[in-house]
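Trainee: Encoded as structure tokens, here's the structure I'll be asking about.
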Amino acid sequence: MPIADSDGTSIYYERHGSGPAILFVHGSGGHHAAWWQQVAALREEFTVVTVDLRGFGKSDSSMPEFDGQDFPGDVVAVLDQEDLTDAMLVGQSIGSVAALRAGLLRPERVGSVVLGHSLGGISHPELKELAAADRAEAVKLPVIDRLLTKGFQQERADLTFLFQQMGTFNVARMQDLRNLDTDGPSLDDIRDSGVKVAFLAGEKDAVLSVKTVTRAHELLAGSHLEIVPDAPHSMYWETPVKYNAAVAHLRRTLTAPKEAA
29 MPIADSDGTS IYYERHGSGP AILFVHGSGG HHAAWWQQVA ALREEFTVVT VDLRGFGKSD
89 SSMPEFDGQD FPGDVVAVLD QEDLTDAMLV GQSIGSVAAL RAGLLRPERV GSVVLGHSLG
149 GISHPELKEL AAADRAEAVK LPVIDRLLTK GFQQERADLT FLFQQMGTFN VARMQDLRNL
209 DTDGPSLDDI RDSGVKVAFL AGEKDAVLSV KTVTRAHELL AGSHLEIVPD APHSMYWETP
269 VKYNAAVAHL RRTLTAPKEA A
């Protein structure tokens with residue numbers, strides 16, 4: 029069973045396939061197994077790494093409380109353990125915040141970071157205001173309606189039920205991740221790191237609007253923007269074919285220029 033040591037905390041992860049590396053970082057209701065539709069589709073062309081942040085899945089969950097500021101270190105521990113270089117980190121929702129911070133901590137190991145349905149915790153007053161307005165609208169909806177479309181819930185009651193069950197394997201909860209946004213990186217921090225950033229957004233995301241994500245892309249010079257038609261916040265689950273195609277495209281095309289040693 030692959031385990032990485034993150035400052036004395038045991039972090040579970042899995043490695044599948046071969047080729048350029050993609051490391052997925054789950055959101056508040058996920059864990060390594062939530063990426064089943066991605067692993068099966070991408071492992072023939074890429075090395076696919078999935079990880080459980082502390083308090084999630086099979087990672088150490090014995091601590092009395094969890095600090096979201098520790099999550100980037102969990103990702104870094106896996107990068108170091110597997111000796112990955114030029115990895116692409118793909119975050120889902122608030123997992124994107126951990127992914128971006130991990131990339132900035134280890135730019136020599138991370139070529140690019142994909143912020144899935146998230147601004148990555150970037151510290152910028154305009155973006156903070158836009159995201160807060162989006163959240164104010166999102167909280168008016170039941171949680172499941174924020175994440176999956178009503179049509180999918182009706183047509184795929186089985187996968188909707190499984191989606192909801194995924195979170196029952198976790199000890200940590202959403203409130204344990206919220207302080208990840210504290211003291212986030214600036215636009216200059218990201219540019220100076222040399223790590224490429226892509227924003228991956230769903231057209232029907234009820235949590236973070238395309239307008240907000242597009243504005244973040246405009247502000248972060250050199251960033252990339254992928255908007256997937258008819259896709260919700262949990263695109264990886266509801267529209268995996270489109271999501272996988274977008275991730276594969278980004279992995280093939282995003283390479284950060286590294287200075288010669």
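Residues 29 to 289 in our numbering are what the sequence shown spells out, letter by letter.
We put the CB at the ideal spot given by N, CA and C, even for glycine.
All values derive from a computational prediction rather than experimental measurement.
(1) Look up L114 in the DSSP assignment and say whether it is helix, strand or coil.
(2) Would a C-beta distance cut-off of 8 Å place H54 and F84 closer than the cut-off?
(3) Which value, in whole angstroms, describes the spacing of the CA atoms of K270 and L253?
(4) Kindly indicate which three-state DSSP category K270 falls into: helix, strand or coil?
(5) At what residue ranges does the stretch 186 to 260 contain a whole run of the beta strand (DSSP E), taking only runs of 3 or more?
(6) Could you say if the stretch 54 to 69 and the stretch 127 to 140 meet the contact criterion of at least three C-beta pairs nearer than 8 Å?
(7) What do you get for T210, buried or exposed, if any count of 16 or more other CB atoms within 10 angstroms of its CB means buried?
(8) Does T75 come out as helix, strand or coil in the three-state DSSP assignment?
(9) Would you check if the distance between the CB atom of L155 and the CB atom of L247 is smaller than 8 Å?
(10) Quick one: what's Q109 bridged to in DSSP?
(11) So, using beta-carbon positions, are Q66 and P260 closer together than 8 Å?
(12) Might you give, ordered along the chain, the residues of its own chain that have their beta carbon closer than 8 Å to the beta carbon of D98, omitting 5 neighbours on each side?
(13) Work out the CA separation of A49 and V8 for me, nearest whole Å.
(14) What's the call for G123, buried or exposed, on a 16-neighbour Cβ count within 10 Å?
(15) Can you give me the C-alpha to C-alpha distance between M263 and M202, rounded to a whole angstrom?
(16) Figure out for me which residue from G250, A115, V235 has the closest Cα to the Cα of D216.
(17) Under the three-state reduction of DSSP, which class applies to E287: helix, strand or coil?
(18) Just to confirm before moving on: does the CB-CB distance between S89 and V199 stay below 8 Å?
Mentor: If we stick to the structure as given:
(1) The sequence position of residue 114 within the sequence shown is 86, counting from 1. According to the sequence shown, residue 114 is Asp rather than Leu. DSSP places D114 in coil when its eight states are reduced to three.
(2) Counting from 1 along the sequence shown, the entry for residue 54 is found at position 26. Counting from 1 along the sequence shown, the entry for residue 84 is found at position 56. Closer than 8 Å, so yes.
(3) As a first step, residue 270 is located in the sequence shown; it is residue number 242 there, counting from the start. As a first step, residue 253 is located in the sequence shown; it is residue number 225 there, counting from the start. Looking at the two C-alpha atoms, the distance is approximately 15 Å.
(4) As a working mapping, residue 270 is identified with position 242 in the sequence shown. K270 falls in the helix class under three-state DSSP.
(5) 224 to 230, 252 to 256, all fully within the stretch 186 to 260.
(6) no
(7) Numbered from its first residue, the sequence shown carries residue 210 at position 182. Exposed, because fewer than 16 other Cβ atoms sit within 10 Å of the Cβ of T210.
(8) Counting from one through the sequence shown, the residue named residue 75 turns up at place 47. Three-state result, T75: strand.
(9) Along the sequence shown, read from residue 1 onward, the residue named residue 155 stands at position 127. Along the sequence shown, read from residue 1 onward, the residue named residue 247 stands at position 219. For L155 and L247, yes; Cβs fall inside 8 Å.
(10) On the sequence shown, position 81 is the one that residue 109 refers to. DSSP, once it has assigned bridges, lists no residue as partnering Q109.
(11) As a working mapping, residue 66 is identified with position 38 in the sequence shown. As a working mapping, residue 260 is identified with position 232 in the sequence shown. No, these two residues do not count as a Cβ contact at 8 Å.
(12) The residue you call residue 98 lines up with position 70 of the sequence shown. Counting only Cβ-Cβ distances below 8 Å, and skipping sequence neighbours, we find S34, D35, T37, R82.
(13) In the structure as shown, the chain starts at 29 and stops at 289, and residue 8 therefore has no counterpart that could be examined.
(14) Here residue 123 corresponds to residue number 95 of the sequence shown, with the count starting at 1. Flag for G123 reads buried.
(15) The count along the sequence shown starts at 1 and reaches residue 263 at position 235. The count along the sequence shown starts at 1 and reaches residue 202 at position 174. Here the alpha carbons of M202 and M263 stand approximately 19 Å from one another.
(16) Sequence index remark: in the sequence shown, residue 216 carries index 188 (1-based). Nearest option by C-alpha distance: G250.
(17) Position 259 of the sequence shown, counting from 1, holds the residue named residue 287. At E287, the pLDDT of 45 sits below 50, so the modelled position is not reliable and the matter cannot be decided from this model.
(18) Position 61 of the sequence shown holds residue 89. Position 171 of the sequence shown holds residue 199. Cβ atoms of S89 and V199: closer than 8 Å.
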